[in-house]
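Participant:
There are 2 protein chains.
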Amino acid sequence: MAKDRQRDPGATIYSVAELAGVSIASVSRVMQGSGGVSDKTRQKVLAAAKELNYVPLGAARSLAVRHHEAHGLVLPELAGPYYSELLIGFETRAAELGQSVVLLLADGKRDVARDVRRLATRVDGLVMLGSLCVTDMVAQGLHGKKPVLVIAGHPQPGIEAIGAENHQGARELTAHLLGHGRRRLLFVGDPASAPDVADRYEGFVAAHEGEPTPDPVRIPFREADGASFADRVLGGDVEADAFVCANDELALSIMSRLQDGGVRVPEDVAVVGWDDVMAARYVRPGLTTVRQPVKELGRLAADRLHERIAGAPAREGLEILPTQLVLRGSCGCAAAPDAKPATASAKPSGRTTGRPVRKASSKRTTA
Amino acid sequence: MAKDRQRDPGATIYSVAELAGVSIASVSRVMQGSGGVSDKTRQKVLAAAKELNYVPLGAARSLAVRHHEAHGLVLPELAGPYYSELLIGFETRAAELGQSVVLLLADGKRDVARDVRRLATRVDGLVMLGSLCVTDMVAQGLHGKKPVLVIAGHPQPGIEAIGAENHQGARELTAHLLGHGRRRLLFVGDPASAPDVADRYEGFVAAHEGEPTPDPVRIPFREADGASFADRVLGGDVEADAFVCANDELALSIMSRLQDGGVRVPEDVAVVGWDDVMAARYVRPGLTTVRQPVKELGRLAADRLHERIAGAPAREGLEILPTQLVLRGSCGCAAAPDAKPATASAKPSGRTTGRPVRKASSKRTTA
DNA sequence: ATCATCCTTGAAAGCGCTTACAAGTGCTGG
DNA sequence: CCAGCACTTGTAAGCGCTTTCAAGGATGAT
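Chains A and B, in that order, give the protein sequences. In case it helps, this note's numbering puts the first sequence at residues 130 to 496. In case it helps, this note's numbering puts the second sequence at residues 130 to 496.
Listed below in C-alpha cells is the structure:
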C-alpha cells in the first residue's frame with residue numbers, strides 16, 4: 130500500500146462530469162448546492178466526486194464569481210496576546226461569514242508595501258493596524274478599489290477606522306495614581322510609535338490638568354527595552370514614583386527588573402500597564418492595567434469589512450469600543466487575589482471627542 | 130474632494146493595455162517582471178497601471194499558472210504563545226518563499242472538516258496540528274491531491290510529520306525533580322488531548338524507571354481548569370509534592386492559586402511546566418519549564434510544505450527538533466534572576482526512538 | 001388528446017490572466 | 001545590399017468554474 134501516488138493534479142469538474150455521465154453544469158450545481166438538480170443526478174455526481182477525490186479549484190470559482198471570498202489582515206507582528214486576540218476575533222467572524230482569512234505579518238518584511246499589494250490581489254478587502262506606517266500609502270494605492278479598514282488608527286476619507294478607547298482610560302488610570310498620592314509620574318513608551326499610544330499619552334497629560342509633565346520615555350515595546358530602562362532607574366538616572374507604561378510587556382519587564390534590584394512595588398514605585406495580558410494577574414503584586422475588548426475589535430473589523438465588500442458605503446469617522454480599568458496591587462491598591470478575570474460589564478458613559486464617536490467609556494473593576 | 134468613488138471594480142489587464150497602447154501580453158510581462166520588454170513599453174505600462182490604480186486579480190493568475198501561491202495552516206486555537214509563535218515562524222518563511230498564508234482556527238467551528246475542505250480549495254498544500262482530530266479524515270480526503278504536513282502529530286504514509294522532542298525532555302525534567310528529592314510527582318494534563326502531551330507523559334513515566342506512577346490528572350489546558358485543580362489541592366484532596374504540568378498556562382495558574390492559598394512553592398510543592406511562555410520568567414519563583422523551538426517548527430513546516438508542493442516526495446517518518454530544559458526556582462533549584470532568555474545552544478545528544486528520527490536532544494540551561 | 005407549466009439538463013459564453021507562437025523590427029557581418 | 005540573428009510585440013488558446021439561456025421531458029389542467 131501507500132502506493133505513493135504523489136500529486137494527482139487531475140480531477141476537474143470535467144472529469145467528475147464525465148464519470149458521473151452528466152454535464153459540468155450539473156456538477157457545478159451539485160457542488161454549490163444551488164438546487165435545481167434531481168436526486169438521481171446529485172447522487173451520481175457526489176459518488177463521482179468522492180471517487181475522484183475531487184477538490185475544486187478555488188481560483189477558477191473566484192474568477193467566475195468575481196469574488197475572492199477572503200478577507201486580508203495585516204498585523205505588525207504577533208508577539209503578546211493583543212494581536213493574537215485580534216486575529217482570533219477576526220478569523221472567527223470572517224469564518225462565520227464564509228470568508229477565508231489571509232494573514233500578513235509586516236514586521237521583518239523587506240518591502241511591506243509590495244507584500245500588501247500582493248495581498249490585495251487575492252482578497253476582497255483588507256484590515257490594517259493603524260500603527261503600520263504603510264497604511265497611508267496602501268490606502269491611497271487601493272483607494273476606490275478594495276475596501277480598507279483601519280484598527281486603532283486614524284480614519285481617512287473613505288477609510289473607516291475602529292478602535293478601543295484610549296484617552297479617557299489613560300486619564301482615569303493616571304488620575305488614579307495621582308489619587309494614591311503619586312506625584313512624579315513618568316509615561317514609558319513612544320507616542321510616535323502608534324496612534325493609540327499617542328492617545329494614551331494625551332490622556333496621561335490631560336489627567337495632570339495643566340501641571341507640567343515630563344517627556345515620555347521613548348523606548349520600544351520589547352521586554353529587553355523595559356529591562357534596560359529599569360537598569361537606568363536602578364542606577365539612579367530616573368526620578369519618578371510611578372511608571373505609566375504603554376503596554377503590559379513593558380510594565381512587566383520593568384517591574385520584574387526593579388524588584389530584582391531591590392525596589393519595592395508599589396511601595397517605592399508604582400507600575401501600571403495596558404492590555405491586561407495573562408501574566409498581569411500572575412505576577413506579585415498583580416499589575417494594574419486597562420483591559421481592551423480586543424477580540425470584539427477583531428470581530429467588528431471583519432463585520433465592517435464584509436459590509437463594505439457587500440457594497441455598503443464607508444461609515445464616517447471612528448467607532449470606539451469601551452475599555453476597562455483593572456486595579457490590582459501594582460498601583461498601590463490593596464493587593465487582592467485575582468486568579469479569575471474580572472467580569473464587570475461595561476456601561477457606556479457617553480463621553481465624546483472631537484471626532485465622531487459612537488460610544489466610549491471605561492469602567493472600573495477592582496480585582 | 131473625497132469624491133467617494135466607491136468600488137471601482139474595473140481596471141483589468143485590458144484597460145491597462147488599452148490606456149498604455151500596448152497588448153495585454155506586454156502588460157502581463159511588465160507586471161510579472163518576466164523581461165523581454167523594452168524600456169519604453171515598460172514605462173507606458175507602469176504609468177497606465179498607476180493611473181488606473183490597477184490591482185491584478187489574483188484568481189485569474191492562479192487559474193492561468195495553476196498555482197495558488199498560498200499555504201494553508203490549520204491551528205486549533207491561538208491562545209497562549211505556542212500557536213502564535215508557530216504561526217509567526219510559518220508566515221515568515223512562507224512569505225520568504227513568496228507564498229501567502231491562509232489561516233484556519235479550528236476551535237469553535239461547527240464543521241471543521243468542511244472548513245478544511247474549503248481551505249484546500251484555495252491553497253497548494255496545508256499544515257495541520259497533530260492534536261486536531263480531523264487530521265486523519267483530511268489526510269484521507271486529500272491524499273494524493275495536495276501535500277499535507279502534520280506538526281506535533283503522528284506521521285502517516287504520504288504525510289510527513291515534524292515536531293519537537295517531548296519524551297526525553299519530560300524524562301529529564303521528571304528525573305530532575307526526583308533528584309530534588311521529590312517522591313510523589315503528579316502529571317497534570319490529559320495525554321489523550323494531543324500526541325505531544327502523550328509523549329511527555331510517557332517520558333514522565335519512563336523517568337520513574339518502573340516505580341509505579343499515579344494516573345495523570347486529566348484536565349484541559351485552560352487557566353480556569355488549573356485554578357480549580359489547585360482548589361482541590363488546597364482542599365487536601367490531592368497528595369503530591371510536585372506537579373508536572375502539560376504546559377505553562379496550567380502550571381502558572383496552579384502555582385498562583387496555591388500560593389494564594391498559603392502553599393509555598395517550591396518548599397511545600399514543586400511546579401513545573403512546558404513551553405517557556407513569557408510569564409514563566411516573571412513569576413516568583415520563576416517557573417521551571419522546557420523550551421521548544423516553536424518558531425523554528427513553524428519555519429520548517431513552511432519549508433517542507435513548499436518542497437512538497439514543488440514536487441518533492443514526502444519524507445518518511447518524523448523529524449524532531451531538540452528542546453531545552455529551563456531551570457528556574459519553581460522546581461526547587463536556587464532561584465536566580467532570569468530577566469533575559471537563556472541562550473545556551475543545543476547540541477544534539479543523538480538519542481533515537483522506534484520511529485525514524487533525525488535529531489533529538491535536550492540541553493540544560495540554568496537561569 | 002392538447003396545451004401550458006414546471007422541473008431538469010446541457011451548451012456555451014465568459015471571468016482576467018499567462019504563455020506559447022508567430023510576426024515584425026532593426027542590426028550585424030558577409 | 002541581403003541573409004541571419006536578437007529583440008520586441010501581438011495574437012490567441014487555454015486555465016476550471018459559474019451561469020444564462022434554451023431545449024427537452026414530465027406533469028397537470030382542460
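From the three backbone atoms N, C-alpha and C, an ideal C-beta is built for every residue, glycine too.
Can you grab the Cα-Cα spacing for the pair B:V203 / B:R251, in whole Å?
Facilitator: Translated into the one-based positions of the second sequence, residue 203 of chain B becomes position 74. Translated into the one-based positions of the second sequence, residue 251 of chain B becomes position 122. Going from the Cα of B:V203 to the Cα of B:R251 covers about 13 Å.
Participant: Taking Cβ-Cβ distances below 7 Å as the criterion, which residues of the segment 407-422 of chain A are in contact with chain B?
Facilitator: From the segment 407-422 of chain A, only M407, A408, Y411, V412, R413 have a Cβ closer than 7 Å to chain B.
Participant: Establish whether the CB of A:V263 and some CB of chain B are separated by less than 9 Å.
Facilitator: Residue 263 of chain A sits at position 134 when you count from the first residue of the first sequence. It does not; no Cβ of chain B falls within 9 Å.
Participant: Does A:H197 get closer than 9 Å to chain B when you measure Cβ to Cβ?
Facilitator: Looking up residue 197 of chain A in the first sequence gives position 68. Closer than 9 Å to some Cβ of chain B, the Cβ of A:H197 qualifies, so yes.
Participant: What are the boundary residues of the beta strand (DSSP E) that includes B:M257?
Facilitator: Taking the second sequence and counting its residues from 1, the one referred to as residue 257 of chain B is at position 128. Unbroken beta strand (DSSP E) run through B:M257: 254-258.
Participant: Using only the alpha-carbon positions, how far apart do B:H309 and B:E396 sit?
Facilitator: What you label residue 309 of chain B is simply residue 180 of the second sequence in a count that begins at 1. What you label residue 396 of chain B is simply residue 267 of the second sequence in a count that begins at 1. Cα to Cα, the separation comes out at about 11 Å.
Participant: Which value, in whole angstroms, describes the spacing of the CA atoms of B:M160 and A:R243?
Facilitator: Counting from one through the second sequence, the residue named residue 160 of chain B turns up at place 31. Counting from one through the first sequence, the residue named residue 243 of chain A turns up at place 114. B:M160 and A:R243: Cα-Cα distance of roughly 12 Å.
Participant: Mind pulling the alpha helix (DSSP H) runs of 4 or more residues that sit fully within the segment 313-396 of chain A?
Facilitator: Those alpha helix (DSSP H) runs which fall completely within the segment 313-396 of chain A and span 4+ residues are 324-336, 352-363, 377-389.
Participant: Could you tell me whether any non-hydrogen atom of the ligand FAD is closer than 8 Å to the CB of A:I449?
Facilitator: Inclusion of the ligand FAD in the displayed structure is not the case, the ligand content being empty and no account of it being possible.
Participant: Ignore the nearest five residues each way along the sequence and tell me which others in A:A468's own chain have a CB closer than 8 Å to its CB.
Facilitator: Position 339 of the first sequence holds residue 468 of chain A. With a pLDDT of 36 at A:A468, under the threshold of 50, the modelled position of this residue cannot be trusted; read the value that follows with caution. R410.
Participant: Assuming A:P210 contacts A:M407 under a Cβ cut-off of 8 Å, what Cβ separation, rounded to an integer in Å, is found between them?
Facilitator: Position 81 of the first sequence, counting from 1, holds the residue named residue 210 of chain A. Position 278 of the first sequence, counting from 1, holds the residue named residue 407 of chain A. Contact holds; Cβ gap of about 6 Å.
Participant: Taking 9 Å as the threshold (C-beta atoms), are B:L233 and A:A224 in contact?
Facilitator: Here residue 224 of chain A refers to the residue found at position 95 when the first sequence is read from its first residue. Here residue 233 of chain B refers to the residue found at position 104 when the second sequence is read from its first residue. The answer is yes: Cβ separation under 9 Å.
Participant: Could you check the C-alpha separation between B:D328 and B:S322 for me, to the nearest Å?
Facilitator: Position 199 of the second sequence, counting from 1, holds the residue named residue 328 of chain B. Position 193 of the second sequence, counting from 1, holds the residue named residue 322 of chain B. Computed Cα separation, rounded: 11 Å.
Participant: Rounding to the nearest angstrom, what Cα-Cα distance links A:A146 and B:A149 in this structure?
Facilitator: Taking the first sequence and counting its residues from 1, the one referred to as residue 146 of chain A is at position 17. Taking the second sequence and counting its residues from 1, the one referred to as residue 149 of chain B is at position 20. One C-alpha to the other measures close to 42 Å.
Participant: Please identify, using Cβ separations under 7 Å, the residues of the segment 212-231 of chain B that lie next to chain A, in order along the chain.
Facilitator: S213, L216, I217, E220, T221, A224, S229, V230, V231
Participant: Quick test of the definition: if touching needs 3 or more C-beta pairs under 8 Å, does the segment 334-345 of chain B touch the segment 387-403 of chain B?
Facilitator: Contact between the segment 334-345 of chain B and the segment 387-403 of chain B is absent, because fewer than three Cβ pairs lie under 8 Å.
Participant: Beta carbons nearer than 9 Å to chain A: which residues of the segment 243-264 of chain B have them?
Facilitator: Result list: D244, R246, R247, L248, A249, T250, R251, V252.
Participant: Going by DSSP, which residues form a beta bridge with A:R420?
Facilitator: As a first step, residue 420 of chain A is located in the first sequence; it is residue number 291 there, counting from the start. Under DSSP, A:R420 takes part in a beta bridge, and its partners are A:D404, A:Q453.
Participant: Alpha carbon to alpha carbon, how far is B:L175 from B:L278? Give it in angstroms, no decimals.
Facilitator: Position 149 of the second sequence holds residue 278 of chain B. Position 46 of the second sequence holds residue 175 of chain B. Taking the straight line from one Cα to the other gives about 40 Å.
Participant: Is it right to say A:H196 is buried, meaning 16 or more other beta carbons lie within 10 angstroms of its own, or is it exposed?
Facilitator: Locating residue 196 of chain A in the first sequence gives position 67, counting from the first residue. Label assigned to A:H196: exposed.
Participant: Step through the CB atoms of chain A and report whether any lies within less than 9 Å of the CB of B:Q425.
Facilitator: Taking the first residue of the second sequence as position 1, residue 425 of chain B is located at position 296. Note that residue 425 of chain B is Glu in the sequence shown, not Gln. Cβ-Cβ to chain A under 9 Å: no for B:E425.
Participant: What are the residues in the segment 172-204 of chain A lying within 8 Å of chain B by C-beta distance?
Facilitator: N182, V184, P185, L186, G187, A188, A189, R190, S191, L192, R195, H197, A199
Participant: Assuming B:N295 contacts B:D319 (C-beta within less than 8 Å), just tell me the rounded distance between them.
Facilitator: The residue given as residue 295 of chain B occupies position 166 in the second sequence. The residue given as residue 319 of chain B occupies position 190 in the second sequence. Not quite, the Cβ-Cβ distance comes to about 15 Å (not below 8 Å), so this is no contact.
Participant: What residues in its chain sit with their C-beta under 8 Å from that of B:K238, if we drop five residues either side in the sequence?
Facilitator: The residue labelled residue 238 of chain B in the question sits at position 109 within the second sequence. Taking B:K238 as the centre and dropping the five residues before and after it, the same chain places the C-beta of D244 closer than 8 Å to its C-beta, in chain order.
Participant: Roughly how many angstroms lie between the CA atoms of A:G282 and B:E214, to the nearest whole one?
Facilitator: As a working note, residue 282 of chain A is residue 153 in the first sequence. As a working note, residue 214 of chain B is residue 85 in the second sequence. Computed Cα separation, rounded: 25 Å.
Participant: Are the C-beta atoms of B:A321 and some chain A residue less than 9 Å apart?
Facilitator: One-based indexing of the second sequence puts residue 321 of chain B at position 192. It does not: the Cβ of B:A321 has no partner Cβ on chain A nearer than 9 Å.
Participant: Please look up how many angstroms separate the CB atoms of A:V423 and A:G298, rounded, as I've assumed it's under 8 Å.
Facilitator: To locate residue 423 of chain A, count along the first sequence from 1; it is residue 294. To locate residue 298 of chain A, count along the first sequence from 1; it is residue 169. About 14 Å separates the two Cβ atoms, so there is no contact after all.
Participant: Run down chain A in chain order and give the residues with a C-beta less than 7 Å from the C-beta of B:K169.
Facilitator: As a working mapping, residue 169 of chain B is identified with position 40 in the second sequence. Result: empty, since nearest Cβ-Cβ is about 24 Å, beyond 7 Å.
Participant: According to a CB-to-CB cut-off of less than 9 Å, which residues of the segment 272-306 of chain A neighbour chain B?
Facilitator: H272, G273, K274, K275, P276, Q285, P286, G287
Participant: Give the range of the beta strand (DSSP E) segment to which A:V279 is assigned.
Facilitator: Residue 279 of chain A sits at position 150 when you count from the first residue of the first sequence. Where A:V279 is concerned, the enclosing beta strand (DSSP E) stretches over 277-280.
Participant: Compute the Euclidean distance between the alpha carbons of B:P349 and A:T141, then round it to the nearest angstrom.
Facilitator: Walking along the second sequence from the start, residue 349 of chain B turns up at place 220. Walking along the first sequence from the start, residue 141 of chain A turns up at place 12. Straight-line Cα distance between these residues: approximately 43 Å.
Participant: List the residues of chain B whose Cβ lies closer than 7 Å to the Cβ of A:L381, in chain order.
Facilitator: Your numbering for residue 381 of chain A matches position 252 in the first sequence. Think of a sphere of 7 Å around the beta carbon of A:L381: the chain B residues whose beta carbon falls inside it are Y411, in chain order.
Participant: Check whether the Cβ of B:L207 lies closer than 9 Å to any Cβ atom in chain A.
Facilitator: In the second sequence, counting from the first residue as 1, residue 207 of chain B sits at position 78. Interface residue, yes.
Participant: From what residue to what residue does the alpha helix (DSSP H) around A:V203 run?
Facilitator: The count along the first sequence starts at 1 and reaches residue 203 of chain A at position 74. Looking at the DSSP string, A:V203 is not in any alpha helix (DSSP H); the run it does join, the beta strand (DSSP E), is 199-204.
Participant: Kindly list, in the order they appear in chain B, the residues whose Cβ is closer than 8 Å to that of A:L363.
Facilitator: Residue numbering aside, residue 363 of chain A sits at position 234 when the first sequence is read from its first letter. Ordered by position in chain B, no residue passes the 8 Å Cβ test against A:L363, which lies about 12 Å from the chain.
Participant: Tell me A:E220's beta-bridge partners as DSSP assigns them.
Facilitator: In the first sequence, counting from the first residue as 1, residue 220 of chain A sits at position 91. DSSP output for A:E220 lists no bridge partner at all.
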